[in-house]
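S.K.:
Rendered as structure tokens:
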């Protein structure tokens, strides 16, 4: 089995604790059908599971989203950045989502910060870069207020949107990341909006986001095959 460590960096308000799916479960549920040989191993960092894993504990690493920013004074951010550098040095593949996208960029020489457009929640249209295979345009679920504002050396932008110039990155080592959320399915997001209404989203924002997600009809397996292939190719290159 291929050991994939999933770092869950999202805390949950009290309104979401009972019966709500954890982020690592969303990631595993999204990727596992395309990556059957992977043993998904969660590390619930945001809820206090420390220390972070060592590079010997996994073959590949997934860094989840978070309500925190790379600039926040959170105890696990500096150790996470050290782990990212150690994972690169070990030649093991890394995949980042939302905050994971941002912390990877910040760690590897770029920059992430609050975006001038503010918080964006719902579904948005993106374009793949011309050098990318597959459809030129796609729609994905989004939930963030920060963005990558400086591309790290050696990385290239693989997707963008009108409001988000750096929506996905491929690095010149075994790493890639996305600003959007391929791991969240529509039903789960609708549940979060209902539970979190007037807790972490005001009613108008929650309603607008719910309508966008319903209209978008984003495929449940968005990017799953490509992400599984990324891990397989990176791991094959090491052998």
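In our numbering, the protein residues as written are 114 to 352.
Built from N, CA and C at the ideal position, the CB exists for glycine as well.
Please read these numbers as outputs of a predicted model, since none were measured by experiment.
1. Under a Cβ-count criterion, where at least 16 other Cβ atoms within 10 Å of its own Cβ denotes burial, should residue 254 be classed as buried or exposed?
2. Which ranges would you report for the beta strand (DSSP E) in the segment 245-327 if only whole runs of at least 3 residues count?
3. Mind checking which residues open and close the beta strand (DSSP E) that includes residue 170?
4. Which residue wins for smallest C-alpha separation from residue 331, given the options 239, 202 and 137?
5. Whose C-alpha, out of 162, 250, 198 and 149, is nearest the C-alpha of residue 217?
6. For residue 187 and residue 121, what's the separation of their Cα atoms in angstroms?
7. Go to residue 153, then tell me how far its beta strand (DSSP E) extends in each direction, as first and last residue.
8. Would you mind stating whether residue 192 and residue 118 have Cβ atoms separated by less than 7 Å?
9. DSSP three-state label for residue 202, please.
10. Are there 16 or more other CB atoms within 10 angstroms of the CB of residue 184, so buried, or fewer, so exposed?
11. What's the C-alpha gap between residue 353 and residue 260?
12. Sorted by chain position, which residues of the same chain lie with C-beta nearer than 8 Å to residue 242's C-beta, five sequence neighbours on each side aside?
13. Compute the distance between the beta-carbons of residue 305 and residue 326, then report whether it is under 7 Å.
14. Tell me where the alpha helix (DSSP H) around residue 125 begins and ends.
15. Can you give me the start and stop residues for the alpha helix (DSSP H) that residue 212 sits inside?
16. Residue range of the alpha helix (DSSP H) that residue 345 falls in?
17. Return the CA-CA distance between residue 150 and residue 277, expressed in angstroms with no decimal places.
M.R.: In brief:
1. buried
2. 250-257, 259-263, 269-274, 277-283 and 288-291
3. Neither: residue 170 is in no beta strand (DSSP E) and is coded neither H nor E.
4. 239
5. 198
6. 14 Å
7. 151-156
8. no
9. helix
10. exposed
11. Since the first residue shown for the chain is 114 and the last is 352, residue 353 is missing from the structure and cannot be characterised.
12. 269, 270, 271, 272 and 273
13. no
14. No alpha helix (DSSP H) contains residue 125, which DSSP labels as neither H nor E.
15. 212-220
16. 337-351
17. 34 Å
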